[in-house]
Each structure stands twice: as structure tokens, then as C-alpha cells.
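J.:
In the numbering used here, the protein residues as written are 1 to 227.
1. By alpha-carbon positions, which one of 22, 16, 31 and 78 ends up nearest to residue 222?
2. Would DSSP call residue 28 helix, strand or coil?
3. For residue 93, which option in 26, 16, 174 and 145 has the closest C-alpha, if you only look at C-alpha atoms?
4. With three or more C-beta pairs closer than 8 Å as the rule, is the stretch 137-148 touching the stretch 53-65?
5. Just tell me which of 40, 148 and 191 has its CA closest to the CA of residue 168.
6. Assuming the contact rule is C-beta atoms closer than 8 Å, residue 289 and residue 226 should be a hit. Round their C-beta distance to whole Å, please.
7. Determine whether the beta carbon atoms of residue 117 and residue 156 lie at a separation below 8 Å.
8. From which residue to which residue does the alpha helix (DSSP H) around residue 220 run?
9. Quick check: what's the CA-CA separation for residue 46 versus residue 85?
10. Given a cut-off of 8 Å, decide if residue 75 and residue 81 are closer than it, judged by their beta-carbon atoms.
11. Rounded C-beta distance between residue 13 and residue 99? I'm assuming under 8 Å.
12. Does DSSP put residue 165 in a helix, a strand or coil?
13. Which residue spans inside the stretch 80-149 form an unbroken alpha helix (DSSP H) run of at least 4?
14. Does DSSP classify residue 61 as helix, strand or coil?
15. Does DSSP classify residue 56 as helix, strand or coil?
16. Please return the same chain residues whose Cβ sits closer than 7 Å to the Cβ of residue 119, not counting the five positions on each side in sequence.
17. If the criterion is Cβ atoms closer than 8 Å, does the pair residue 39 and residue 129 meet it?
18. With DSSP as the reference, please indicate the residues paired to residue 226 in a beta bridge.
19. Tell me whether residue 78 sits in a helix, a strand or coil according to DSSP, three-state version.
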């Protein structure tokens, strides 16, 4: 394959150039990012399953009775379910701390802070143009983007802002720190932070697993590369 025939700047492609671009694979994700992504996905799924079943009171609940019975039958008792939820949550926090401490210089600062959540002028323009195109008010071409587009960066910013809130509030609730007043506010903060991330996850999962244009991005979380 002659890489000299692949343009390095945005220009109309010939059929031959487009075929070469599809064959050329470039690295998008470090192996540590891939492992963390799937670990995070599994943990959040299990925590949501148990968390929804734990939110019950005479005045408020998040799941129907059949769901509560089903999940409780799996764990035997609500106490066992709560212990599982807390143990998995603390393990998740531990993995993130190790990831942050030992991976900061090798990939966190470069891949996450700069490429994944660093917004620039083109990103802001992309958000405006993308919004206008969605509502049918513009046919302007989207500005060029890097490894992540501006929409993906906004979702990442939401996650990285809410994750510390989930962690700190979860620790306060799990260890019953600082008294009933603080614990009560921790419950509210935990619920709001988780709900914020889940609302973004719904779009993230749809875009990654269903939306045709994003299929290569989905598989890049398995292979680490995209065309």
C-alpha cells in the first residue's frame, strides 16, 4: 500500500484513495484504556443492577416489584446485595486510584487529558455546526476532528466530573461518615451524579453500538485501532 497516495489534509477523495484509507489502520487506544473501559462497563452494569434494587422506601422506588424480587433472590438477602454493591464499589475506586497514580505519565495525561477531554476552537465550532445540522438549519461540513469529536469529549468531561462525586459520596454512605446530615446529602449527590452519567451513557451506548458512523469507534475498544 502506497501511503504517499493518502492525503494528509481534508480534500475530496478518489475511489482509490478512499479504499486505501479504509485499509489503513491507526492506533486509537492504549491497552490500559481498553481494559479500564470494559472493567468500568462491567462494574457500572452490576452497580446499577444492585443500586436500583436498593433504592426502596414506602414513598419512592426506582424499579417495579418483580425486579426487586428477582435481584434479591439472586443475592439471597438485601444485606448480601448491599455488601456486594459496596465491595464492588470500593474495588472500582481502588482500580481507579492505581490507574491514576501509575498511569498518569505514561498515558493518562497524554491520551485522556489532552486528546479525550481537551476542547479547542474547532471543537466548539463542531458543536455549533453539528447542532444546526441535526435541526436541519445548516448543511455546512463538520470541522475536522481528532481522535475524539467534540460530542465524545463533552461526554468524557461529564464522566470525569461526576466520577469523583460518585466515589466520595459512596464512601461516605458506605462507611457512614460525618453523621446523618452529611450522609443524607451524600445520598442526594450520589443519586444525581449516577443519574447524570447514566443519561450520557444511554447516548454513548446508542452512538457506539447502533449508530452506523460510530461502529469503527465501538470496535476500536476491542482492537485498539480504527481505519
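Just so it is clear, CB atoms sit at the ideal spot from N, CA and C, and this is done for glycine as well.
T.: On the basis of the supplied data:
1. Numbered from 1 along the chain shown, position 222 holds the residue referred to as residue 222. It is 31.
2. Working through the chain shown from its first residue, we reach residue 28 at position 28. Of the three classes helix, strand and coil, the one that applies to residue 28 here is coil, per DSSP.
3. As a first step, residue 93 is located in the chain shown; it is residue number 93 there, counting from the start. The residue with the shortest Cα to Cα distance from residue 93 is 174.
4. no
5. In the chain shown, the residue the question calls residue 168 occupies position 168. Among 40, 148 and 191, the Cα nearest to that of residue 168 is on 191.
6. Look at the range of the chain in this structure, 1 to 227, and you will see that residue 289 is not part of it.
7. On the chain shown, position 117 is the one that residue 117 refers to. On the chain shown, position 156 is the one that residue 156 refers to. Contact flag set, yes.
8. Translated into the one-based positions of the chain shown, residue 220 becomes position 220. It spans 215-223 - the alpha helix (DSSP H) in which residue 220 sits, taken as one unbroken run.
9. Taking the first residue of the chain shown as 1, we reach residue 46 at position 46. Taking the first residue of the chain shown as 1, we reach residue 85 at position 85. For residue 46 and residue 85, the distance between alpha carbons rounds to 8 Å.
10. Indexing the chain shown from 1 puts residue 81 at position 81. Indexing the chain shown from 1 puts residue 75 at position 75. Yes.
11. Position 13 of the chain shown, counted from the first residue, corresponds to residue 13. Position 99 of the chain shown, counted from the first residue, corresponds to residue 99. Their Cβ separation, rounded to whole angstroms, is 39 Å, which puts residue 13 and residue 99 out of contact at 8 Å.
12. Taking the first residue of the chain shown as 1, we reach residue 165 at position 165. In the structure shown, residue 165 sits in a helix (DSSP, three-state: H, G or I).
13. 121-134
14. Position 61 of the chain shown, counted from the first residue, corresponds to residue 61. If DSSP states are grouped into helix, strand and coil, residue 61 belongs with the strands.
15. One-based indexing of the chain shown puts residue 56 at position 56. Residue state, collapsed to three classes: strand.
16. By one-based count along the chain shown, residue 119 stands at place 119. Closer than 7 Å at the Cβ level, and outside the excluded window around residue 119, lie 150 and 153.
17. Looking up residue 39 in the chain shown gives position 39. Looking up residue 129 in the chain shown gives position 129. Going by C-beta atoms, residue 39 is not nearer than 8 Å to residue 129.
18. What you label residue 226 is simply residue 226 of the chain shown in a count that begins at 1. Note: residue 226 sits in a beta bridge opposite 26.
19. Here residue 78 refers to the residue found at position 78 when the chain shown is read from its first residue. If DSSP states are grouped into helix, strand and coil, residue 78 belongs with the helices.
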